[in-house]
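Have a look at the structure below before the remarks.
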Amino acid sequence: MRRTLPTLRKRGIGALLLSMAMLWGCAASIPKAALRLPESTLEVRAIQTRTLAAPSESDILAATIAVLQDMEFNVDRIEKPLGVITASKVTDADSTSEQTGLFFLDLLCAIGGGSGCGAMLTAQDDQHITLTMVVLPSLARSEEYTVRITIQRVIYDKEDRIRVLERIDNAEIYQQIFDNLRKSLFIQVGEL
Amino acid sequence: MSRSMQSLPILSLLLLAACATTPPDVVGAGTQLEARQIQTREYDTLNKAMTMRSVVATLQDLGFTIDQADADLGVVTATRLHEYTMRMTVTVVEREGQRISVRANARIGENSVTDAGTYQDFFVVLDKAMFLTLHKVD
């Protein structure tokens with residue numbers, strides 16, 4: 000059967016549009032608001048920051064490092080002039096309830112005769128936590144230091160694929176670290 | 000006419016095949032001068048140490064953790080893990096006439112950020128942090 004010119008033209012244009020759409024998929028997409036401050040900035044900053052009184056910068060830095068050790072972090076880098084301490088740790092992210100759920104999912108899949116029942120492989124395996132503490136003399140008050148903490152984590156599954164990529168914003172976690180820092184500072188100063 | 004239309008799917012497949020190639024992207028795609036222009040701002044309000052303090056505060060405000068910081072060299076490298084991985088390197092250099100030059104460059108995942116607006120957003124946040132540091136607000 001001989002195809003007419005308009006039909007071929009339509010198919011050609013269709014193919015062209017399809018290929019352009021697919022090529023568009025190859026192009027990188029950069030989020031437009033990647034470096035804009037979110038509305039929650041002030042709230043998050045308040046959660047992450049405290050001002051503490053200490054006799055000297057060395058005291059508060061020593062107390063901070065001791066707290067990181069208490070929390071089983073490894074100190075990766077310290078840049079004293081900028082007050083920047085970077086620490087990290089890798090911990091277990093196994094969850095019994097998640098694994099139980101995935102086990103039954105695999106079981107149902109196997110009973111149903113399905114192939115590729117690998118739900119268990121998507122179970123969380125370990126989490127890599129990185130933490131930055133910035134300890135600097137207060138600009139407003141002498142003998143006081145501002146401490147700001149930022150924490151984020153990556154959770155990997157059993158096949159080393161990234162499951163979760165997130166900043167930790169839980170206020171209770173930060174409050175607990177600051178409580179520990181106050182205790183550590185008390186011990187540090189008391190030992191002198 | 001009809002033959003050229005018929006060859007379009009083949010042409011599109013060839014173009015798609017280009018996506019699969021992996022050139023050694025060492026020197027980057029943008030022009031050197033253009034990249035510097037959109038990534039750099041100059042300030043004359045604070046010294047280098049206070050500018051670096053503002054840079055660290057800006058990165059923390061934007062949700063980054065600091066990977067590495069060097070006060071002597073004026074370099075801060077930071078990472079943000081939120082939905083995607085974003086890495087930034089910010090350099091602070093003293094210029095003549097007590098001016099301070101701040102240059103930021105960013106990558107999201109495997110892609111370099113070349114959009115001028117994104118860097119403009121970063122410097123808007125840095126401007127605020129510089130203002131707060133200048134007025135001794137913690």
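As you go down the protein sequences, you meet chains G and V in turn.
Anchor point for the first sequence: position 32 equals 31 in numbering that gives the first Met the number 0, and the numbering is continuous, going up by one each time.
Anchor point for the second sequence: position 10 equals 9 in numbering that gives the first Met the number 0, and the numbering is continuous, going up by one each time.
Just so you know, even glycine gets a beta-carbon here, dropped at the ideal spot from N, CA and C.
All figures in this text were calculated on a predicted structure; none of them were measured in a lab.
Below-9 Å beta-carbon distance, residue i vs any chain G residue
| i | result |
| --- | --- |
| Q67(V) | yes |
| D126(V) | no |
| R79(V) | yes |
| E41(V) | no |
| N110(V) | yes |
| Q59(V) | yes |
| D71(V) | yes |
| R102(V) | no |
| F121(V) | yes |
| D24(V) | no |
| E82(V) | yes |
Sequence-distant residues of its chain with Cβ nearer than 6 Å to residue i (five each side left out)
| i | result |
| --- | --- |
| T121(G) | D156 |
| L164(G) | V153 |
| T57(V) | V124, L125, A128 |
| H127(G) | V89, V153 |
| A170(G) | I46 |
Short CB-CB distance (under 9 Å) between residue i and chain V
| i | result |
| --- | --- |
| R181(G) | no |
| Q47(G) | yes |
| A33(G) | yes |
| P54(G) | no |
| R162(G) | no |
| E42(G) | no |
| E142(G) | no |
| E71(G) | no |
| E38(G) | no |
| A92(G) | no |
| A62(G) | no |
| Q123(G) | no |
Classification of residue i by the beta-carbon crowding that lies within 10 angstroms, buried from 16 upward
| i | result |
| --- | --- |
| T90(G) | exposed |
| A45(G) | exposed |
| L72(V) | exposed |
| D24(V) | exposed |
| I186(G) | exposed |
| N73(G) | exposed |
| G111(G) | exposed |
| E78(G) | buried |
| A32(G) | exposed |
| A105(V) | buried |
| G62(V) | buried |
| I193(G) | Nothing about residue 193(G) can be read from this structure; chain G reaches only from 0 to 191. |
| Q36(V) | exposed |
| V26(V) | exposed |
| L130(G) | buried |
| F122(V) | buried |
| T50(V) | buried |
Same chain, Cβ closer than 8 Å to residue i, five either side skipped, listed in chain order
| i | result |
| --- | --- |
| T63(G) | I84, M132, V134, V146, L180, S183 |
| D60(V) | V124, A128 |
Residue i vs residue j beta-carbon contact at 9 Å
| i | j | result |
| --- | --- | --- |
| T64(V) | T149(G) | yes |
| R102(V) | T90(V) | yes |
| D75(G) | S87(G) | yes |
| Q47(G) | Y173(G) | yes |
| E95(V) | K47(V) | no |
| R52(V) | D66(V) | no |
| T50(G) | S141(G) | no |
| Q119(V) | D43(V) | no |
| A52(G) | Y144(G) | yes |
| I29(G) | T113(V) | yes |
| A68(V) | L81(G) | yes |
| T84(V) | G108(V) | yes |
| Q151(G) | I161(G) | no |
| P54(G) | V188(G) | yes |
7 Å Cβ shell around residue i - same chain, five flanking residues per side excluded
| i | result |
| --- | --- |
| D137(V) | none |
| S100(V) | T39, E41, V92, R94 |
| A92(G) | Q123, D124, D125, Q126, I154 |
| V43(G) | D168 |
Practice item. Please determine if the region 122 to 134 of chain V and the region 73 to 82 of chain V are in contact, where contact requires at least 3 C-beta pairs separated by less than 8 Å. Key: Too few Cβ pairs lie closer than 8 Å, so no.
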